[in-house]
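Colleague:
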Amino acid sequence: MAPHEIRSDGLDTVDLRLDRDRFLRKLVRELSGTIERLVGLEEASGYVATVGGIMGEWLDEAYHAELGEDDFDPETVARIFVDLKRRIDGGFYIVAIKPDRIVLRNTRCPFAEDVVGRPSLCMMTSNVFGRIAADNLGYARVRLKAVIANGDPECHVVVYLTPQEGLEADEREYYRLRSGGDLAGL
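Residues 0 to 185 in numbering that gives the first Met the number 0 are what the sequence shown lists, from first letter to last.
1) Which value, in whole angstroms, describes the spacing of the CA atoms of residue 41 and residue 31?
2) With a cut-off of 8 Å, do at least 3 Cβ pairs link the stretch 133-141 to the stretch 18-26?
3) Counting only beta-carbon atoms, is residue 175 nearer than 7 Å to chain B?
4) Per DSSP, residue 100 forms a beta bridge with which residues?
5) Whole angstroms is fine: what's the gap from residue 81's alpha carbon to residue 10's?
6) Between the alpha carbons of residue 110 and residue 47, how many angstroms are there, rounded?
7) To which residues does DSSP link residue 62 through a beta bridge?
8) For residue 144, which residues from the same chain have a beta carbon less than 8 Å from its beta carbon, with the 5 sequence-adjacent residues on both sides left out?
9) For residue 191 versus residue 28, is the C-beta spacing smaller than 7 Å?
10) Let me check one thing: in DSSP terms, what residues is residue 141 bridge-paired to?
11) Quick one: grab the DSSP three-state call for residue 71.
12) For residue 184, does the three-state DSSP call read helix, strand or coil?
13) Any idea which residues DSSP pairs residue 126 with across the strands?
14) Quick one: is residue 50 buried, meaning 16 or more other Cβ sit within 10 Å of its Cβ, or exposed?
15) Bridge partners of residue 92, per DSSP?
16) Could you check which residue in 8, 56, 72, 104 has the C-alpha nearest to that of residue 85?
17) Is residue 51 helix, strand or coil by DSSP?
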């Protein structure tokens, strides 16, 4: 057989769970696990948070490009959270929208089974939601009350819209980075 010839040996009929999505989820899982082992969960979460903030800015800019430059109101922000997660195969839904908070739950993580045991990946949700909320509403404090990554049956996420004294261990604060309605600074 010449070096450039490939024997099929039935490879085209092998039932292998491998496609781009599965490959990339596995890659992210192993990358986050490696970082968690090397620098610890808190530091790994910080690295994921940095990427999540960048992704949040990018997604906020994309939604503004389609929906207009004016700041989104809390209801629109909540609907954007659900929409963006739906587009990446998440199962988020709105539980409540109140003047001081948005409450969401999630039945399906975009990282699927690869998120279990990788809580640093939850910083992606915290930072994407926090960045979008803060840049539109001025402030956000995201609390991850329950997460599938830790074995919970659902994620329970609360995005507080008004500052309060003290932070819980599972909360992160976010402040507006761009001026209202001005996308030029991104």
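Quick reminder that beta carbons are idealized off the backbone N, C-alpha and C, glycines included.
Predicted model only: the values in this text are computed from it and were never measured.
Modeller: Let me spell this out:
1) Answer to the nearest angstrom: the Cα atoms are 12 Å apart.
2) Not touching, per the Cβ criterion.
3) Within the model displayed, chain B is absent; a lone protein chain is all it includes.
4) For residue 100, which the question treats as bridged, DSSP gives the partners 97, 159.
5) Each residue's alpha carbon lies about 39 Å from the other.
6) A straight-line Cα-Cα distance of about 14 Å links residue 110 and residue 47.
7) Bridge partners of residue 62: none, in fact.
8) Answer for residue 144: 155, 156, 157, 169, listed in chain order.
9) The requested residue 191 is not part of the displayed model; the chain covers only 0 to 185.
10) DSSP, once it has assigned bridges, lists 158, 171 as partnering residue 141.
11) Assigned with DSSP and collapsed to three states, residue 71 falls in coil, not helix or strand.
12) Bear in mind that the predicted position of residue 184 carries a pLDDT of just 38, short of 50, making it too unreliable to give a figure here.
13) Residue 126 pairs with nothing; no bridge assigned.
14) A residue is called buried when at least 16 other Cβ atoms come within 10 angstroms of its Cβ; residue 50 does not meet this threshold and is exposed.
15) BP columns for residue 92 point to 104.
16) The option with the nearest alpha carbon to residue 85 is 104.
17) In the three-state reduction of the DSSP assignment, residue 51 falls in the helix class.
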